[in-house]
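Undergrad: Under the numbering used here, the first residue of the sequence shown carries the number 545, and numbering increases by one thereafter.
Beta carbons are placed, not taken as given, at the ideal position from N, Cα and C, and that holds for glycine.
Below is the structure I would like to discuss, written out as structure tokens.
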Amino acid sequence: MRSAETSFLLRLQGTEVTTTAKPDFQLLTKTWIITERLEEVSSFTYQMDIDGGIPPGFAAGKFLCHSKDDPTKEPAFMRVYYQIPTHGTEWSSYAVRASQAVPPIELAELKAFQSLMKYACPAVPRLLGYNEGKQPDDGIVPGGYATTIVWQKVPGIPLSERYFWNLDRSQRDSIREEFRTVFEQLTQCGVQPFAPSFSKLIYDESTGKIHISGFRMAVPIDSTRPWTNKNYFTYGMAKAPDMPDRFDHEEKWEF
Numbered sequence: 545m546r547s548a549e550t551s552f553l554l555r556l557q558g559t560e561v562t563t564t565a566k567p568d569f570q571l572l573t574k575t576w577i578i579t580e581r582l583e584e585v586s587s588f589t590y591q592m593d594i595d596g597g598i599p600p601g602f603a604a605g606k607f608l609c610h611s612k613d614d615p616t617k618e619p620a621f622m623r624v625y626y627q628i629p630t631h632g633t634e635w636s637s638y639a640v641r642a643s644q645a646v647p648p649i650e651l652a653e654l655k656a657f658q659s660l661m662k663y664a665c666p667a668v669p670r671l672l673g674y675n676e677g678k679q680p681d682d683g684i685v686p687g688g689y690a691t692t693i694v695w696q697k698v699p700g701i702p703l704s705e706r707y708f709w710n711l712d713r714s715q716r717d718s719i720r721e722e723f724r725t726v727f728e729q730l731t732q733c734g735v736q737p738f739a740p741s742f743s744k745l746i747y748d749e750s751t752g753k754i755h756i757s758g759f760r761m762a763v764p765i766d767s768t769r770p771w772t773n774k775n776y777f778t779y780g781m782a783k784a785p786d787m788p789d790r791f792d793h794e795e796k797w798e799f
């Protein structure tokens, strides 16, 4: 299996997508209008992967959208997962591609959002809707899985290393304090983003509020794990000297 930027989902701008009611998560049926394509990455599988029990690959496109019924057109994020053909069969006949169709697979992002909704986690954007369906007859893989996830676009922008380290110490301390609060809230839900970084932290400068995002490749975390200042280092909020026992000498860290 390999991943790469792709262009399978180019024609969705302006289209409508409906997410059905999910009473367990207090989600109503809603129709969303896709307004902008932001990015797309695909996970490709080869026949040897399929033979080894790995699920078929997918294209994952991220979009901006808004509820059709919202007169303010408040933006939200949408991720569309479309099953794609096994590598080497992208241009094969309808019959060949249709024969590869499978029902919706378990997606780390959807599983993470469901868990976060279950715990009503205040540290992350809210799940606004999702739908697990199948592609139309003229789809990339006719009858293959098609999963849509819509979540809140929270106020603020992703933190960056340059922005953070150009602040004075007191401002950095305030951000770290807020980060610890939301990180501990997230830990209690047993999930976190893969490859933690500044970009996973959405910071609203006007309020000082942080939301943690980036669950496309979410991974489990021990919900009983106590806080450690290593988390600051992992997310780029502390600098430690390049030495084997650097985590044992916080007095040498830069905060």
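Over the uninterrupted beta strand (DSSP E) stretch that includes Q696, give me the two end residues.
TA: In the sequence shown, residue 696 corresponds to position 152, counting from 1. 689 to 696 is the extent of the beta strand (DSSP E) around Q696.
Undergrad: Using a Cβ-Cβ cut-off of 7 Å (strictly less than) and excluding sequence neighbours within five positions of Y776, which residues of its own chain qualify?
TA: The count along the sequence shown starts at 1 and reaches residue 776 at position 232. For Y776, where only same-chain residues beyond five positions count, the Cβ hits under 7 Å are R720, A782.
Undergrad: Report whether the distance from the Cβ of Q644 to the nearest heavy atom of the ligand SAH is below 8 Å.
TA: Although the ligand SAH was asked about, the structure shown includes no ligands whatsoever.
Undergrad: Decide if the stretch 634 to 650 is in contact with the stretch 695 to 713; the criterion is three or more beta carbon pairs, one per stretch, under 8 Å apart.
TA: With the cut-off at 8 Å, the stretch 634 to 650 and the stretch 695 to 713 do not touch.
Undergrad: Using a Cβ-Cβ cut-off of 8 Å (strictly less than) and excluding sequence neighbours within five positions of K744, which residues of its own chain qualify?
TA: Start at 1 with the first residue of the sequence shown, and residue 744 comes out as number 200. Same-chain partners within the cutoff: P702, P737, I756, S757, G758, Y779.
Undergrad: Check whether the Cβ atoms of T692 and Y625 lie closer than 9 Å to each other.
TA: Here residue 692 corresponds to residue number 148 of the sequence shown, with the count starting at 1. Here residue 625 corresponds to residue number 81 of the sequence shown, with the count starting at 1. It is a contact, given that the beta carbons lie within the stated cut-off.
Undergrad: Between the Cα of T573 and those of V694, V735, A784, E722, spot the shortest distance and give me the residue it belongs to.
TA: Residue mapping note: residue 573 aligns to position 29 of the sequence shown, counting from 1. The option with the nearest alpha carbon to T573 is V694.
Undergrad: So, with DSSP's three-state summary, where would you put M592?
TA: Counted from its first residue, the sequence shown places residue 592 at position 48. If DSSP states are grouped into helix, strand and coil, M592 belongs with the helices.
Undergrad: Buried or exposed: A667, going by 16 or more other Cβ atoms within 10 Å of its Cβ?
TA: Mapped onto the sequence shown, residue 667 falls at position 123. Buried.
Undergrad: Taking the C-alpha atoms as reference points, what is the distance between E583 and V726?
TA: Along the sequence shown, read from residue 1 onward, the residue named residue 583 stands at position 39. Along the sequence shown, read from residue 1 onward, the residue named residue 726 stands at position 182. Cα to Cα, the separation comes out at about 27 Å.
Undergrad: Taking its Cβ as the centre, do 16 or more other Cβ atoms sit within 10 Å of E560, making it buried, or is it exposed?
TA: For the purposes of this step, residue 560 is taken as the residue at position 16 of the sequence shown. Its Cβ having fewer than 16 others within 10 Å, E560 is exposed.
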